[in-house]
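Just below is one structure, and these are the notes that go with it.
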Amino acid sequence: MAPNMTVSLAVIPSTFSMDDEVTLGVTATSHAPGPITLMTYNAILNVYFAQRAGRYTHTNVETGELCKVQTKKCTKRVPYNRAQGGSDDQYFLTLLPEQAVEIREPFFAAKLRDKLVSGKKYRLGVKKDFAQVGHRWKGTREEVMAPEGKFAGLCKASGKPIIFQVEAVEFEVIGKDKATGEDGSS
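One point on numbering: in the UniProt record's numbering, the residue at position 101 of the sequence shown is 101, and numbering is uninterrupted.
If you want it as structure tokens, here you go:
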């Protein structure tokens, strides 16, 4: 049975203008009895990639309309490298029991003037198929990963994917948009 995991989203700050620096935070807490290591490359815990690949939903609260926010098409990649210090080292994340880990990256959607409109509220969620982590192992990064300098593909996962629920969060775009000169406040 897959361990239980809690994942939450935060847009920081939750009210902003298009000229503000805005961050997307994803917080994960494992409820497994011991440490687990996750391969986050395709998961929403890889906040940068997940935004570029369109793993999140952006819904206009007033109209219910989905805003298509994707900045990159996904292409095939070379096999994963499980070696410490290797090309995929950054995608291996160890979660200790009941200790929250937050990953933050710039919130790309905050700069997409053609997608989001000043004066509107939006709901950020996770697409259903991406509310999971497929590759996970019991143990820490040091126990799971191959020694530095030794290429190693992904070993067999410690079980089924971890599937989690993620509550959508709301954010609001406000204020004067310098690009258009329009005031989006009501």
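Ideal Cβ positions, reconstructed from N, Cα and C, are used throughout, including at glycine.
For Val61, three-class secondary structure by DSSP: Numbered from 1 along the sequence shown, position 61 holds the residue referred to as residue 61. In the three-state reduction of the DSSP assignment, Val61 falls in the coil class.
Among the residues of its own chain, which have a CB less than 8 Å from the CB of Pro97, if the five just before and after it don't count? On the sequence shown, position 97 is the one that residue 97 refers to. Only residues of its own chain outside the window of five on either side were considered, and among them Ser30, His31, Ala32, Pro33, Gly34 and Pro35 have a CB closer than 8 Å to the CB of Pro97, listed in chain order.
Cβ neighbours of Gln51 in the same chain (closer than 6 Å, five flanking residues each side left out): What you label residue 51 is simply residue 51 of the sequence shown in a count that begins at 1. Within the same chain, Gln51 has close Cβ partners Phe108.
Is it true that the CB of Pro161 sits closer than 8 Å to the CB of Val133? Translated into positions along the sequence shown, residue 133 becomes position 133. Translated into positions along the sequence shown, residue 161 becomes position 161. For Val133 and Pro161, yes; Cβs fall inside 8 Å.
Straight-line Cα distance separating Thr23 from Lys111: Here residue 111 is taken as the residue at index 111 of the sequence shown, counted from 1. Here residue 23 is taken as the residue at index 23 of the sequence shown, counted from 1. Whole-angstrom Cα-Cα distance: 11 Å.
Could you spell out the range, first to last residue, of the alpha helix (DSSP H) harbouring Glu148? As a working mapping, residue 148 is identified with position 148 in the sequence shown. Careful: Glu148 lies outside any alpha helix (DSSP H) and carries neither H nor E.
Tell me the DSSP bridge mates of Ala83? In the sequence shown, the residue the question calls residue 83 occupies position 83. Beta-bridge pairing links Ala83 to Ala146.
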